[in-house]
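To start, the structure itself, in structure tokens.
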Amino acid sequence: MVAALLAAGVANAAELRPDAPDRYTVVKGDTLWGISERFLNDPWAWPKVWKANPQIENPNLIYPGDVVVLDTDANGNPSLRVLRRERPTVKLSPTAYSEALEGAVTTIPPEAIQPFLAEARVLPVAQLRAAGYVAQGVKDALVLGKYSRFYARGLEPGAARGTQYQVFRLGEAIIDPETSELLGHEGIYLGEASLLQGGETAKLRVISSRQEILPGDRLLPASGEVVIPRYFPHAPDKPLRGRVLRVQGGVREAGKGSILLINLGSREGIEQAHVLRIHRSPGRRLDPVTRATYFPPNEPTGMLLVFAVFDKTSYGLVMRSSGAVVVGDTVTTP
2 MVAALLAAGV
12 ANAAELRPDA
22 PDRYTVVKGD
32 TLWGISERFL
42 NDPWAWPKVW
52 KANPQIENPN
62 LIYPGDVVVL
72 DTDANGNPSL
82 RVLRRERPTV
92 KLSPTAYSEA
102 LEGAVTTIPP
112 EAIQPFLAEA
122 RVLPVAQLRA
132 AGYVAQGVKD
142 ALVLGKYSRF
152 YARGLEPGAA
162 RGTQYQVFRL
172 GEAIIDPETS
182 ELLGHEGIYL
192 GEASLLQGGE
202 TAKLRVISSR
212 QEILPGDRLL
222 PASGEVVIPR
232 YFPHAPDKPL
242 RGRVLRVQGG
252 VREAGKGSIL
262 LINLGSREGI
272 EQAHVLRIHR
282 SPGRRLDPVT
292 RATYFPPNEP
302 TGMLLVFAVF
312 DKTSYGLVMR
322 SSGAVVVGDT
332 VTTP
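Count along the sequence shown from 1, add 1, and you get the number used in this note's numbering.
If you want it as structure tokens, here you go:
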């Protein structure tokens, strides 16, 4: 079909992969990004080519067994539509019902980002100054673990007994490589604690711990149960340029499925589900004729989907890579 569309001069056919199938049956473990990658050169662009059938209110909610069909509209432009797998008909009495989303295909693998949504933090300086902190353990214990009780200071007054806090240790300062601005501090997640008694000097109990908790570690209100958002990828509405600051895991190189920290945040207009293109700079080269140095243009090496946004930084998941992604690479609006 793709070859026929190109031969007919349909411009939007260029969005399709040359080997795109006419249809694909969704299986368990698929993601919306992965399904779209079978059809589109730029899988993040699926919202503009996916069409709802009249009987399907939301084409982005698809399930194993459904069939994604490559079709054309009245003008000959390509589109993707969903053929819903038949489900048992149930007679309903007049009342309010809600449709369960369990089993629906997600945009990206939830297991790849769930720990970061719950535990990853970049702590702005202002937030650090306002955060409570561990003062000391009850009975002067210096190292705290699960079920340890401790005193804390600096918590907001009025918190109810049972209020939960996440415990973080102040990590390395995050510095912008171009402006030298302090963007925040890495927050090293240590565990969670529950409030036993409020007051200027409050008493808490550790309810979970990843590693030992020490005096001076910071306390931030827990966000509760983490729900994976249904990301709908889209490009920023203005040109943006940033840098890769960290590769999660302490390694220098990353590939598909890696998590990156970049120096763009809500201050620059970054939102969840923004897609950015990753570029590698080849660096300085020597001209073989003139012997002068020059800089070749940056080469695209991957795509990044932003999933967690802070004030001046963001975390993103590498969705596609054609080479190693390293600290210092450039990210831009695609």
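Every residue gets a Cβ at the ideal spot worked out from N, C-alpha and C, and that includes glycine.
- Classified as exposed, Phe296 has fewer than 16 neighbouring CB atoms from the shown chains inside 10 Å of its CB.
- If you look at Ala121, you'll find it isn't in any beta strand (DSSP E); DSSP assigns it neither H nor E.
- The region 321-331 and the region 298-306 touch, with three or more beta-carbon pairs separated by less than 8 Å.
- Straight-line spacing of the CA atoms in Leu221 and Gly188 works out to 11 Å.
- Cβ-Cβ distances below 6 Å link Gln249 to Ile260 in the same chain, with the five nearest sequence neighbours on each side left out; the list follows chain order.
- Distance between Gly329 and Gly35, taken at the CA atoms: about 27 Å.
- Remark: C-beta atoms of Asn264 and Asp177 approach each other more closely than 7 Å.
- With contacts defined as CB atoms closer than 7 Å, Thr334 and Pro234 fail to qualify as a contacting pair.
- For the pair Ala223 and Gln165, the CB atoms are nearer than the 7 Å cut-off.
- Your pair Gln137 and Tyr152 checks out as a contact, with CB atoms roughly 6 Å apart and the cut at 8 Å.
- The beta carbon of Lys257 lies closer than 8 Å to those of Gly303, Val319, Met320, Arg321 and Ser322 in the same chain, with the five residues before and after it left out.
- Between Thr26 and Leu62, the alpha-carbon positions lie close to 14 Å from each other.
- Listed as beta-bridge partners of Ala113 by DSSP are no residues whatsoever.
- Scanning Leu156, Val106 and Ala131 for the CA closest to the CA of Ile229 turns up Val106.
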